[in-house]
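Novice: Each residue of the sequence shown is one higher than the one before, starting from 33 at the first, in this note's numbering.
Have a look at the structure that comes next, please.
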Amino acid sequence: MDELHAGLMVAVIALVTLFLRSLPFLLFGGKRKTPVFITYLSNVLPYAIMGMLVVYCLRNTNFLAAPHGLPEVIACGAVALLHLWKRNTLLSIALGTVLYMFLVQAVF
C-alpha cells in the first residue's frame with residue numbers, strides 16, 4: 033500500500049507541476065498581448081529577488097566582531113565586479129561562493 037500511495041503522490045505532484053508550468057502559456061499564449069503589469073514584473077522581479085538574497089545572506093553577519101564581515105564583503109565585491117566584467121550570473125555567483133569558502137576556511 034505504501035508503494036501505491038507514493039506512486040499516486042508522485043503522479044499528482046507531476047500533474048500539478050505540469051499544469052503550473054503550462055499555465056502562463058495558456059493564459060498569455062497565442063496572439064494575446066501580455067498585460068503591462070506582467071511585463072513590469074518580469075523587469076523588476078529579478079533585481080528584487082537578488083536584493084532579497086543579498087539581505088538574506090548577510091543577515092547574520094556580525095560587523096562588530098572579528099573578522100568584521102570581511103569574507104562576506106570581499107565575496108560580495110568579487111561577485112559584483114565579476115558580473116560587471118563578464119555579465120555571467122552563474123560564473124559570478126559560483127566564483128564568489130568559491131572565494132567566500134576559501135576565505136572562511138583558509139584565511140579568516
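Using N, Cα and C, we set each Cβ at its ideal position, and we do this for glycine too.
Treat the numbers as computed from the prediction; the structure is a model and nothing was measured.
What residue does the alpha helix (DSSP H) around G61 start on, and which one ends it?
Specialist: From DSSP, G61 is part of no alpha helix (DSSP H); its letter is neither H nor E.
Novice: Can you tell me where the alpha helix (DSSP H) with V111 in it begins and where it stops?
Specialist: Counting along the chain, the alpha helix (DSSP H) containing V111 begins and ends at 102-118.
Novice: Determine whether the beta carbon atoms of P103 and Y132 lie at a separation below 8 Å.
Specialist: Contact flag set, yes.
Novice: Roughly how many angstroms separate the alpha carbons of V87 and L40, rounded to a whole number?
Specialist: Near 39 Å, if we compare the C-alpha coordinates of L40 and V87.
Novice: Could you give the C-beta distance for A107 and G83, rounded to a whole number, given that I count them as a contact under 8 Å?
Specialist: With 8 Å as the limit, A107 and G83 do not qualify as a contact, their Cβ atoms being about 16 Å apart.
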